[in-house]
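Here's the structure we're looking at; comments come further down.
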Amino acid sequence: MVSLKPPALPLAEKPALTEIKAQSRLLVPDVNPGGAQDLNQNDPRRSEDRHAEVKESGFDPRAHLAAIVESSADAIISKDLNGIIVSWNDSATWIFGYAANEIIGRSILMLIPPELHQEEDYILGKIRAGERIDQYETVRIRKSGERFPISATISSIRDATGKIIGASKIARDISDRKENEQSRFQLAAIVDSADDAIVSKDLNGIVRTWNQGAARMFGYTSEEMEGQPILRLIPEELHYEEDEILRKLREGDRVDHYETVRMKKGGEHFEVSVTISPIRDASGQVIGASKIARDISDRKRMERLLVQSEKLAATGRMAAAVAHEINNPLESLINLIFLARKNSPSEGKAYAHLRTAEQELERVAHIARQTLGYYRDTGLPAEVHLHELIENVLTVYGAKLLANDIRVEAQFNDMQKITVSRGELVQVFSNIITNAIDAMHGGGIINITTRKITSPRGEGIQTVIRDSGVGIRQEYLEKIFEPFFTTKGNLGTGIGLWIARELVERRGGQVSVASSTECGSSGTSVTIFIPFAPPDSRVSSHK
Amino acid sequence: MASASVFLIGENASNIKLPHSEASDAIETQRDRPIVLLVDDEQLIVDTLAEILEGAGFFVLAAYDGWTALEKVARCRPEYLLSDVLMPKMNGVELAIAIRKMYPSTRITLFSGQAGISDILLDGKRQGFEFELIAKPIHPLKLVEHLKGKRTDLS
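Protein sequence lines, in the order shown, are assigned to chains A and B.
Numbered by the working numbering, the letters in the first sequence go through residues 58 to 600 in order.
Numbered by the working numbering, the letters in the second sequence go through residues 22 to 176 in order.
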């Protein structure tokens, strides 16, 4: 007979779990060369016959069981109904750190943290009732005082008469498993709390996992998306992208920071940056892909704004430079022609020609002022009645209004003066009134109202200028404040409304436009709100 | 021609080393006409405007830069200053500040053909000086009206 016990293990050096397993695999077949499998399975004979045969071969089942207990990787402990330890296997020794002779005869409470001592009463209660406790997860203490998680299965032990006399306990150290779980939970928590959408899909493009970030970004819950094709998120015209992505993945390539457009549940398109990497199984085979998507629409919007404002700044610098080169010679020219006219006989032809030349120069000067020389700083803001200012502008355009058969209806209710830069506001109203005139080829009515209102931006004066012109098409409406956008063809500079808005907004106000092109009720209405209080940053915001 | 006499007077007035009698002669020539100090680095603008303003009843002291301008008014107070803003050596705001300090009652108008002069005006604002600014080009009759209008405001 070979010794049933594995070689005594010095306590100092705990063998690794695998080592013990290896030993047991070596030992058990030695004890019974027939093997456990042969005994129980695929044997058609009756079990008594088999038992008899086993006995004849000199096999002692008790010794066999003892060997199993001793070689088990789990701690196997038995105790009586008072909780006194009766047996203790080698794995118990290396899991808990106590040698058998140290612990046998002592209370099982030695292994239980003081705050969990009431667990033992509960366990013993169950055992006395003949119940079994399966894979109960709790915490125990090693000899070193270290606490560790275990999974225990506890069953009652009966004597020959069937009376319960104690309990057996099979305990497994689950520190490793707990650690794994913990790190898995941590990873899951990180994935779920991420702002980015983190999604996994298989190689057929079917979504497998869907984090909360994805739910927030796309509007679909994980229930709605898991099992669904990822194509649901891709605008139809970009479906080809998915084929390309899947092809790359199958080759094991990744896709880094790919900027594209995706679609929310509501159909809304938005810009994303996507990183897609293959997921491999243990053998290295690509089985799917993880996809991290970031909503970059804000960044993109900022980028576009930046480009826009850069363009504006460049345009402004150019306009200022050109203005200088045009307005100064114009000033000389007007003076020269004026002098020439003064010095020619007033009945002569020259006088009439020079008068016409002067008028034409006025036109040029007007255009130059409107397009290039807009004065950001016509200096000192002054207290004015807005309606007086508007009336001045209307006087300037009086002839033009008359020629175009346009009537002006005005209701001015701005009793309070407002502090504005006259030059700037004259420009704002000139631009808007010119637009109204240009929109009414066959005559019409311009309706102007001013009144004091309280808006979210504070108290101020609201001016509404409504024309009965042709109106602005819906698709143009959002563009009319952009520089160089014009619906007037070669005659327009595309700069008037842009400047008007710049000037009003810098004053802390607001310009909005509503328009209809519907036949019979067409027209455009421009609303300008200017608060009484000028923005505090007015001076400091200038460069 | 009228312009010739204007510049003769202007040149005389600019000479600050004039003997006392000559200076009083210049002021005599001016009689009751309001004095305008006209400054622009664009000579053609100065020359033409000087003629126009003289024709409209002003007495014009003309200069093509700020330093010359200051020399010209060292001995006599101009009623008006009409100056360009962007000029080499001394800009219009610097000149205007100097004149304001010398003659607080002189009416100051700046005129400019350019939008990008906010920095210069802001500099003045920071020092507590704000000046009226009108845009070039401006029709001569409007300019005259503007200056005379200010004068009426005064009296």
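Note that CB positions come from ideal geometry on N, CA and C, so glycine has one too.
Problem - Any C-beta of chain A under 8 Å from that of isoleucine 73/B - result: By one-based count along the second sequence, residue 73/B stands at place 52. Using beta-carbon distances, isoleucine 73/B counts as an interface residue toward chain A, with a partner under 8 Å.
key: Contacting positions in the region 388-421 of chain A - beta carbon closer than 8 Å to chain B   = Cβ contacts with chain B: Glu388, Ser389, Leu390, Ile391, Asn392, Leu393, Phe395, Leu396, Lys399, Glu415, Leu418, Glu419.
| message | Can you tell me where the beta strand (DSSP E) holding threonine 218/A begins and where it ends? | response | Numbered from its first residue, the first sequence carries residue 218/A at position 161. First-last for threonine 218/A: undefined, no H or E at that position.
Using three-state DSSP, classify glutamate 63/B as helix, strand or coil. Reading the second sequence from its first residue, position 42 is the one you call residue 63/B. Coil at glutamate 63/B, not helix or strand.
Check your understanding: serine 250/A: which of Arg337/A, Arg273/A, Lys474/A sits nearest, CA to CA?
Key -> As a working mapping, residue 250/A is identified with position 193 in the first sequence. Residue Arg273/A is the option with its Cα nearest to serine 250/A.
Margin query: Under 8 Å, CB to CB, which of the residues in the region 565-578 of chain A have a partner in chain B?
Written below: Only those residues of the region 565-578 of chain A whose C-beta falls short of 8 Å from the nearest C-beta of chain B would be listed, and there are none.
Notebook entry, point to check: Can you name the residues that DSSP bridges to phenylalanine 589/A?
Noted result: For the purposes of this step, residue 589/A is identified with residue 532 of the first sequence, where counting begins at 1. Under DSSP, no beta-bridge partner is assigned to phenylalanine 589/A.
request  = Going by CA-CA distance only, name the one from Leu164/B, Phe80/B, Lys157/B, Lys169/B that's closest to proline 386/A.
outcome  = In the first sequence, the residue the question calls residue 386/A occupies position 329. Closest option to proline 386/A, Cα to Cα, is Lys157/B.
Hey, phenylalanine 153/A and alanine 132/A: beta-carbon distance below 8 Å or not? Taking the first sequence and counting its residues from 1, one reaches residue 153/A at position 96. Taking the first sequence and counting its residues from 1, one reaches residue 132/A at position 75. Their beta carbons are under 8 Å apart, which means phenylalanine 153/A touches alanine 132/A by this criterion.
Practice task
Pick helix, strand or coil for serine 487/A, following the three-state DSSP scheme.
Solution key: On the first sequence, position 430 is the one that residue 487/A refers to. It is helical.
- Can you have a look at arginine 197/A and say buried or exposed, based on whether 16 or more other CB atoms are within 10 angstroms of its CB? On the first sequence, position 140 is the one that residue 197/A refers to. So arginine 197/A ends up on the buried side.
Fill in: Pick from Lys122/B, Gly87/B, Thr130/B that is closest to glutamine 148/B, judged by C-alpha positions
Start at 1 with the first residue of the second sequence, and residue 148/B comes out as number 127. It is Lys122/B.
Quick check on threonine 89/B - is its C-beta less than 8 Å from some C-beta in chain A? Position 68 of the second sequence, counted from the first residue, corresponds to residue 89/B. For threonine 89/B, the closest Cβ of chain A is not nearer than 8 Å.
Notebook entry, point to check: First and last residue of the beta strand (DSSP E) that includes glycine 154/A?
Noted result: By one-based count along the first sequence, residue 154/A stands at place 97. Note, glycine 154/A: premise wrong, no beta strand (DSSP E); not H, not E.
**Asked** Which first and last residues belong to the alpha helix (DSSP H) in which proline 438/A is found?
**Response** Walking along the first sequence from the start, residue 438/A turns up at place 381. Element bounds for proline 438/A: n/a, residue is neither H nor E.
Separation of glycine 566/A from proline 125/B, as counted between CA atoms
The residue you call residue 125/B lines up with position 104 of the second sequence. The residue you call residue 566/A lines up with position 509 of the first sequence. Cα to Cα, proline 125/B sits roughly 36 Å from glycine 566/A.
Buried versus exposed, by CB contacts within 10 Å (16 or more), glutamate 63/B: Within the second sequence, numbered from 1, the residue matching residue 63/B stands at position 42. It counts as buried.
Original post:
asparagine 384/A versus chain B: which residues are under 9 Å apart at the beta carbon?
Top reply: Position 327 of the first sequence, counting from 1, holds the residue named residue 384/A. The contacting residues are Ser133, Gly134, Gln135, Ala156, Lys157, Pro158.
Just to confirm, are isoleucine 231/A and alanine 224/A a CB contact at a threshold of 8 Å? For this step, residue 231/A is matched to residue 174 along the first sequence. For this step, residue 224/A is matched to residue 167 along the first sequence. No; because the gap between Cβ atoms is not below 8 Å, this pair is not in contact.
* What are the boundary residues of the alpha helix (DSSP H) that includes arginine 307/A? -> In the first sequence, the residue the question calls residue 307/A occupies position 250. Per DSSP, arginine 307/A belongs to the alpha helix (DSSP H) from 296-307.
Reducing DSSP to helix, strand and coil, say where lysine 157/B ends up.
Your numbering for residue 157/B matches position 136 in the second sequence. The answer is coil: DSSP assigns lysine 157/B none of H, G, I, E or B.
Exercise for the section: Enumerate, from N- to C-terminal direction, the unbroken alpha helix (DSSP H) stretches of 4 or more residues contained entirely within the region 265-348 of chain A. Expected result: Fully contained in the region 265-348 of chain A are the following alpha helix (DSSP H) runs of length 4 or more, in chain order: 269-275, 279-282, 296-307.
In three-state terms, what does DSSP make of valine 57/B?
Within the second sequence, residue 57/B is the residue found at index 36, counting from 1. Strand at valine 57/B.
| task | Please state whether DSSP places lysine 226/A in a helix, a strand or coil. | result | As a working note, residue 226/A is residue 169 in the first sequence. DSSP places lysine 226/A within a strand segment (E or B) once states are collapsed to three.
Margin query: Counting only beta-carbon separations shorter than 8 Å, does histidine 381/A have a partner in chain B?
Written below: The residue labelled residue 381/A in the question sits at position 324 within the first sequence. Closer than 8 Å to some Cβ of chain B, the Cβ of histidine 381/A qualifies, so yes.
Can you check whether the C-beta of arginine 426/A is within less than 8 Å of a C-beta belonging to chain B? Counting from one through the first sequence, the residue named residue 426/A turns up at place 369. Contact with chain B is found for arginine 426/A, since one of that chain's Cβ atoms lies less than 8 Å from the residue's Cβ.
At a CB-CB cut-off below 9 Å, which residues of chain A make contact with glycine 76/B? Numbered from its first residue, the second sequence carries residue 76/B at position 55. Going along chain A in sequence order, the residues near glycine 76/B (Cβ under 9 Å) are Leu396, Lys399.
Notebook entry, point to check: Do you know how far the Cα of valine 114/B is from the Cα of serine 99/B?
Noted result: If you number the second sequence from 1, residue 99/B lands on position 78. If you number the second sequence from 1, residue 114/B lands on position 93. In the sequence on display, residue 99/B carries proline and not serine. Going by the C-alpha atoms only, they are around 17 Å apart.
**Asked** How would you list, in chain order, the residues of chain A whose beta-carbon sits under 9 Å from the beta-carbon of glutamate 63/B?
**Response** The count along the second sequence starts at 1 and reaches residue 63/B at position 42. Per Cβ cutoff of 9 Å: Asn385, Pro386, Glu388, Ser389.
Three or more C-beta pairs under 8 Å: does that hold for the region 515-523 of chain A against the region 475-495 of chain A?
As far as the Cβ criterion goes, the region 515-523 of chain A touches the region 475-495 of chain A, which means the pair count is three or higher.
**Study point:** glutamate 283/A to lysine 322/A span [Cα, whole Å]
**Key:** Taking the first residue of the first sequence as position 1, residue 283/A is located at position 226. Taking the first residue of the first sequence as position 1, residue 322/A is located at position 265. The alpha-carbon atoms of glutamate 283/A and lysine 322/A are separated by roughly 14 Å.
### Query
At least one CB of chain B closer than 8 Å to the CB of valine 596/A: is that the case?
For the purposes of this step, residue 596/A is identified with residue 539 of the first sequence, where counting begins at 1. For valine 596/A, the pLDDT reaches just 41, beneath the cut-off of 50, and the residue's location in the model is therefore unreliable, although a value from the coordinates is still provided. Closer than 8 Å to some Cβ of chain B, the Cβ of valine 596/A qualifies, so yes.
Does any CB atom of chain B fall closer than 8 Å to the CB of alanine 371/A?
Counted from its first residue, the first sequence places residue 371/A at position 314. Not closer than 8 Å to any Cβ of chain B, the Cβ of alanine 371/A fails to qualify, so no.
Per-residue contacts from leucine 70/B into chain A (C-beta, under 7 Å): Here residue 70/B corresponds to residue number 49 of the second sequence, with the count starting at 1. Within chain A, the residues whose beta carbon sits less than 7 Å from that of leucine 70/B are Asn392, listed in sequence order.
**Asked** From this set, Thr506/A, Ala460/A, Leu458/A, which residue's C-alpha is nearest alanine 467/A's C-alpha?
**Response** By one-based count along the first sequence, residue 467/A stands at place 410. Alanine 467/A has its Cα closest to that of Thr506/A, out of Thr506/A, Ala460/A, Leu458/A.
**Q.** Simplified DSSP assignment, three categories, for lysine 169/B
**A.** The residue labelled residue 169/B in the question sits at position 148 within the second sequence. Here lysine 169/B carries a helix assignment [DSSP, helix/strand/coil].
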